[in-house]
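Below: one structure, written as C-alpha cells.
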Amino acid sequence: MPLPQAIPSKEADIYHDTFQVPPPYEVAAYPRVRSRRALVRSLISFRVLVCIFVGGLLAWHTFLLERESELRDVAQHASSSTHLTRFEESVKHCAALKTFPESPKPETRKSNPRWNSARGQDKPVVLRNMTFFDGESVASEPMDIKFEKGLITELATTASKSISSDGVTEHDLHGRFVTPGLVDMHSHHSSSLWPALPITGDENEVNKAFGPLTPFMRILDSLKAYDDATRIIMSGGITTSLILPGSANIMGGEGTVIKNVLKAGELGEYVVEELLLEHNIPIEERHRYMKLACGENPKRVYDHTRMGNAYILRDQFAKAKEHLQKQDEYCEGVTTISARSDELKHRFVKENGDFPSDLRLESTVGMLRGRVAMQNHCYLPEDFETMLRVTGEYGVRVRAFHHALEAWQVPEMLKAYGENVTIATFAEFSLYKFEAYAPNLSAGKILNDHGIPVAYKSDHTATEKVPISLS
Numbered sequence: 001m002p003l004p005q006a007i008p009s010k011e012a013d014i015y016h017d018t019f020q021v022p023p024p025y026e027v028a029a030y031p032r033v034r035s036r037r038a039l040v041r042s043l044i045s046f047r048v049l050v051c052i053f054v055g056g057l058l059a060w061h062t063f064l065l066e067r068e069s070e071l072r073d074v075a076q077h078a079s080s081s082t083h084l085t086r087f088e089e090s091v092k093h094c095a096a097l098k099t100f101p102e103s104p105k106p107e108t109r110k111s112n113p114r115w116n117s118a119r120g121q122d123k124p125v126v127l128r129n130m131t132f133f134d135g136e137s138v139a140s141e142p143m144d145i146k147f148e149k150g151l152i153t154e155l156a157t158t159a160s161k162s163i164s165s166d167g168v169t170e171h172d173l174h175g176r177f178v179t180p181g182l183v184d185m186h187s188h189h190s191s192s193l194w195p196a197l198p199i200t201g202d203e204n205e206v207n208k209a210f211g212p213l214t215p216f217m218r219i220l221d222s223l224k225a226y227d228d229a230t231r232i233i234m235s236g237g238i239t240t241s242l243i244l245p246g247s248a249n250i251m252g253g254e255g256t257v258i259k260n261v262l263k264a265g266e267l268g269e270y271v272v273e274e275l276l277l278e279h280n281i282p283i284e285e286r287h288r289y290m291k292l293a294c295g296e297n298p299k300r301v302y303d304h305t306r307m308g309n310a311y312i313l314r315d316q317f318a319k320a321k322e323h324l325q326k327q328d329e330y331c332e333g334v335t336t337i338s339a340r341s342d343e344l345k346h347r348f349v350k351e352n353g354d355f356p357s358d359l360r361l362e363s364t365v366g367m368l369r370g371r372v373a374m375q376n377h378c379y380l381p382e383d384f385e386t387m388l389r390v391t392g393e394y395g396v397r398v399r400a401f402h403h404a405l406e407a408w409q410v411p412e413m414l415k416a417y418g419e420n421v422t423i424a425t426f427a428e429f430s431l432y433k434f435e436a437y438a439p440n441l442s443a444g445k446i447l448n449d450h451g452i453p454v455a456y457k458s459d460h461t462a463t464e465k466v467p468i469s470l471s
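First residue of the sequence shown? That's 1 in UniProt numbering, and the numbers climb one at a time after it.
In C-alpha cells:
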C-alpha cells in the first residue's frame, strides 16, 4: 500500500477551512469571577432548602411518634381487653371446680329433656289394668299408670278410676307385668358392633404411644348409633346402659350412659348425641365415669406385675394431685383479684397466664375432686385391697368393683371401706380365666346379707365370646 503524501501548505489551508479541523492548540479560558450578591443569594437558597428539609424530617418524626403512640394505645387497649376476657374465663373455670352434677328431683321435673314431640308420644299415654312391680314388690291389685312428655305423672289402682281418659291414648294390658326399666352397669355395645368384626371394635385404646394410662380417652368418641344389639337389649327390658371402655389399660378412659333406643331424635337419624341419657343437658352438668382395671388384663397387655401396675397408678395420681394444687393456688389468686381493678386483673393474667389446664390429667384431677366416678374392673381380693389402698392414699372413692367374682369371699373387708362400694358382677358367667375360677352362685345373696350393694350386669360382647357359665 502506498504511503500517504504530504499536503502542500496552501492545499492544507483549504483542507482545514473546508473540513473545519480544530486548531492544533487551545486558548486557555479566562477565569470567571462571581459577584458577592450572587454568592449571598446562593447561600440563602441553600439555607432555606436545609431548613425545609429539616422541618420536613421533624414533622415526619413527630407524625411517626404520634402514630406509634396511637398504635401502642390501641394495642394496650386490645391487650387489656383480651386479658380481662381471659381473666373472666379463668373465673368460670375456678367456679366450675366447686360444682358437681346433680340428679334431677322427680317432684320438680315437668318433662324429660330427651322427649320431643316428633318421636315421643304426641299426647299422654295411660296403661290400664296392669300387674305392677316397682322393683321391691308386686302391687296387690291391678294398677293404672300415666306417661306424659317422657315422665310418669300418675299411678293409681285401676279400681279407683282416678286417671282420666280425656285426651289420652289408652292401652288395656289385661294383667300383664309393667316393671321399671333395667339398668346395665357394664356394657360395651355401640362401641363394638354386633355382629362383631375386628375393624369395628373401638373399646380398647392399646397403643405404644399412650401406654397403660389413657384416662383422657372418651368412649363417647367410639359410639355408633346404629348397633343392632341395641334393639335386642331393649327387648329384654334393659332401657339404660353404662357404656365403658375396655379393660386392657390400667386407666381406660371415660364412659357414658345411653338409652337403648335408636333414632330417638326429632329427625329420626342415627345420631350418637341423641342416644345419651343426658341428651339436652349441658355438657358441664353431665355425670362422668372413669374405667380402671387391675389384675390379669393390664398385666397381659403390658407385661407389668401387680406391683408395677400399682406404681403406675400411684404415679398418675401424684401428677394429678400436683396439677390440682396448681389449679387451687391459681384460683386463690383469682378469688383475691376478682373484686379489684381491671388493671390488677390485667397484670394477674399477664404474670400468671390462664387457668392451669392439661388434657392428659383433666379426668384424673376430676377423680381426685370427686367429679368423676371410678368404676373398677377387678376380680380378686388382693386386687380389691390394692385398689382401695392406692385410691385411699389420694382420696379417691371407688364407686364400684366390676366382675368381682371373688368379692363374696371378703364382704367385711369391702364393708370396712365405708364408702358404699357396689359390686357389679355376673349372675353366673365365669370359668373363662384364672381370675374367674372361684365364683359362687350365691355370691349376690352373701354380699347382700353383709350390706354390700349388688348389681348384675352383662359386660355385653364379652359373654358371647366365651359361653361358659355355672348353669
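The C-beta atom is built at its ideal place from N, Cα and C for all residues, glycine as well.
**Prompt:** From Lys263 to Val126, what distance separates their C-alpha atoms?
**Reply:** Mapped onto the sequence shown, residue 263 falls at position 263. Mapped onto the sequence shown, residue 126 falls at position 126. So the two alpha carbons sit approximately 24 Å from each other.
**Request:** With a cut-off of 8 Å on the beta carbons, I'd call Glu170 and Thr157 a contact; round off their distance for me.
**Result:** Position 170 of the sequence shown holds residue 170. Position 157 of the sequence shown holds residue 157. About 16 Å; that fails the 8 Å criterion.
**Request:** Could you check the C-alpha separation between Cys378 and His460 for me, to the nearest Å?
**Result:** As a working mapping, residue 378 is identified with position 378 in the sequence shown. As a working mapping, residue 460 is identified with position 460 in the sequence shown. A straight line joining the alpha-carbon of Cys378 with that of His460 spans about 17 Å.
**Message:** For a test of the three-state rule: what should DSSP assign to Ile258, helix, strand or coil?
**Reply:** Position 258 of the sequence shown, counting from 1, holds the residue named residue 258. Of the three classes helix, strand and coil, the one that applies to Ile258 here is strand, per DSSP.
**Request:** May I ask you to verify whether the stretch 201-217 touches the stretch 239-257, counting CB pairs closer than 8 Å and requiring at least 3?
**Result:** yes
**Item:** N-terminal and C-terminal residue of the alpha helix (DSSP H) that Thr240 is part of
**Value:** For the purposes of this step, residue 240 is taken as the residue at position 240 of the sequence shown. Here Thr240 belongs to no alpha helix (DSSP H); instead the beta strand (DSSP E) covers 238-243.
**Through-space distance from Tyr289 to Leu405, alpha-carbon basis** = The residue given as residue 405 occupies position 405 in the sequence shown. The residue given as residue 289 occupies position 289 in the sequence shown. Using only the alpha carbons, I get a separation of about 22 Å.
**Message:** In whole angstroms, give me the CA-to-CA distance for Asn112 and Gly308.
**Reply:** Looking up residue 112 in the sequence shown gives position 112. Looking up residue 308 in the sequence shown gives position 308. Distance between the alpha carbons of Asn112 and Gly308 is about 46 Å.
**Asked** Does the beta-carbon of Leu213 have 16 or more other beta-carbons within 10 angstroms, so that it is buried, or is it exposed?
**Response** Sequence index remark: in the sequence shown, residue 213 carries index 213 (1-based). By the neighbour-count rule (16 or more Cβ atoms within 10 Å), Leu213 is buried.
**6 Å CB neighbourhood of Leu313 in its chain, flanking five on each side removed** = Taking the first residue of the sequence shown as position 1, residue 313 is located at position 313. Answer for Leu313: Ile250, Val390, listed in chain order.
**Prompt:** Is Ile281 helix, strand or coil when you go by DSSP?
**Reply:** As a first step, residue 281 must be located in the sequence shown, where it is residue number 281. DSSP places Ile281 in coil when its eight states are reduced to three.
**Item:** Inter-residue Cα distance where the pair is Glu329 and Asn352
**Value:** The residue given as residue 329 occupies position 329 in the sequence shown. The residue given as residue 352 occupies position 352 in the sequence shown. If you take the alpha carbons of Glu329 and Asn352, they lie about 11 Å apart.
**Message:** According to DSSP, is Gln375 part of a helix, a strand, or is it coil?
**Reply:** Counting from 1 along the sequence shown, the entry for residue 375 is found at position 375. Strand.
**Message:** According to DSSP, is Ile7 part of a helix, a strand, or is it coil?
**Reply:** What you label residue 7 is simply residue 7 of the sequence shown in a count that begins at 1. At Ile7 the pLDDT is 49, less than 50, meaning the model places this residue with poor confidence; the figure from the coordinates comes in the next sentence. Correct three-state label for Ile7: coil.
**Request:** Report the three-state DSSP secondary structure of Thr157 (helix, strand or coil).
**Result:** Along the sequence shown, read from residue 1 onward, the residue named residue 157 stands at position 157. Strand.
**Message:** Quick check on the DSSP output: the alpha helix (DSSP H) that includes Met387 runs from which residue to which?
**Reply:** Taking the first residue of the sequence shown as 1, we reach residue 387 at position 387. Run containing Met387: 381-393, per the alpha helix (DSSP H) assignment.
**Asked** With C-beta atoms as the reference, is Trp194 less than 8 Å away from Gly150?
**Response** Against the sequence shown, residue 194 aligns to sequence position 194. Against the sequence shown, residue 150 aligns to sequence position 150. Result no, Cβ atoms of Trp194 and Gly150 do not sit closer than 8 Å.
**Request:** Just confirm the distance between the C-beta atoms of Ser222 and Ile233, as a whole number of angstroms; I'd bet it's less than 8 Å.
**Result:** Taking the first residue of the sequence shown as 1, we reach residue 222 at position 222. Taking the first residue of the sequence shown as 1, we reach residue 233 at position 233. That belief does not hold up - the Cβ atoms of Ser222 and Ile233 are roughly 17 Å apart, past 8 Å.
**Pro245 classed as buried or exposed, judged by whether at least 16 other C-beta atoms fall within 10 angstroms** = The residue given as residue 245 occupies position 245 in the sequence shown. Answer is buried; the Cβ neighbour count reaches 16.
**Asked** How would you write the range of the beta strand (DSSP E) that Val168 sits in, first residue to last?
**Response** As a first step, residue 168 is located in the sequence shown; it is residue number 168 there, counting from the start. Run containing Val168: none; DSSP gives neither H nor E here.
**Message:** What residue range does the alpha helix (DSSP H) around Thr425 cover?
**Reply:** Within the sequence shown, numbered from 1, the residue matching residue 425 stands at position 425. Not the alpha helix (DSSP H): Thr425 falls in the beta strand (DSSP E), residues 422-425.
**Request:** Return the chain-ordered ranges of every beta strand (DSSP E) run that is complete within the stretch 123-147 and spans a minimum of 3 residues.
**Result:** 125-132
**Contacts around Ser442, its chain only, beta-carbon distance under 8 Å, and the 5 residues preceding and following it disregarded** = Numbered from its first residue, the sequence shown carries residue 442 at position 442. Correct list, in chain order: Trp408.
**Prompt:** Does the pairing of the stretch 216-230 with the stretch 183-194 give three or more beta-carbon distances under 8 Å?
**Reply:** Segments in contact, yes.
**Request:** In angstroms with no decimal places, state the Cα-to-Cα distance between Ala57 and Asp354.
**Result:** On the sequence shown, residue 57 is found 57 positions in, with the first residue counted as 1. On the sequence shown, residue 354 is found 354 positions in, with the first residue counted as 1. Position check: residue 57 holds Leu in this sequence, whereas Ala was assumed. Going from the Cα of Leu57 to the Cα of Asp354 covers about 45 Å.
**Prompt:** By DSSP, does Ile52 sit in helix, in strand, or in coil?
**Reply:** Numbered from its first residue, the sequence shown carries residue 52 at position 52. Three-state result, Ile52: helix.
**Message:** Comparing C-alpha positions only, which one of Asn129, Gly175, Ala318, Gly295 sits nearest to Gly392?
**Reply:** On the sequence shown, residue 392 is found 392 positions in, with the first residue counted as 1. Closest by alpha carbon: Ala318.
**Message:** I'd like to know whether the C-beta atoms of Ser235 and Ser458 end up nearer to each other than 8 Å.
**Reply:** Reading the sequence shown from its first residue, position 235 is the one you call residue 235. Reading the sequence shown from its first residue, position 458 is the one you call residue 458. The Cβ-Cβ distance between Ser235 and Ser458 does not fall below 8 Å.
**Sequence ranges, alpha helix (DSSP H) only - wholly within the stretch 261-346, length at least 4** = 296-302, 306-337
**Prompt:** Across which residues does DSSP place Ala455 in a beta bridge pair?
**Reply:** Residue numbering aside, residue 455 sits at position 455 when the sequence shown is read from its first letter. For Ala455, which the question treats as bridged, DSSP gives the partners Ala424.
**Item:** Segment limits, beta strand (DSSP E) that includes Met185
**Value:** In the sequence shown, the residue the question calls residue 185 occupies position 185. Residues 182-187.
**Request:** Tell me whether the beta-carbon of Ile281 lies closer than 8 Å to the beta-carbon of Glu254.
**Result:** For the purposes of this step, residue 281 is identified with residue 281 of the sequence shown, where counting begins at 1. For the purposes of this step, residue 254 is identified with residue 254 of the sequence shown, where counting begins at 1. The answer is no: Cβ separation not under 8 Å.
**Prompt:** Looking at Asp383 and Gly295, is the spacing between their C-beta atoms short of 8 Å?
**Reply:** For the purposes of this step, residue 295 is identified with residue 295 of the sequence shown, where counting begins at 1. For the purposes of this step, residue 383 is identified with residue 383 of the sequence shown, where counting begins at 1. It is a contact, given that the beta carbons lie within the stated cut-off.
**Bounding residues of the beta strand (DSSP E) (the contiguous stretch that carries Arg399)** = Mapped onto the sequence shown, residue 399 falls at position 399. Note, Arg399: beta strand (DSSP E), 398-403.
**Prompt:** Is there contact between the stretch 326-345 and the stretch 81-93, where contact requires at least three CB pairs shorter than 8 Å?
**Reply:** With the cut-off at 8 Å, the stretch 326-345 and the stretch 81-93 touch.
**Request:** Determine, using beta carbons only, whether His279 and Thr230 come nearer to each other than 8 Å.
**Result:** Within the sequence shown, residue 279 is the residue found at index 279, counting from 1. Within the sequence shown, residue 230 is the residue found at index 230, counting from 1. Cβ atoms of His279 and Thr230: not closer than 8 Å.
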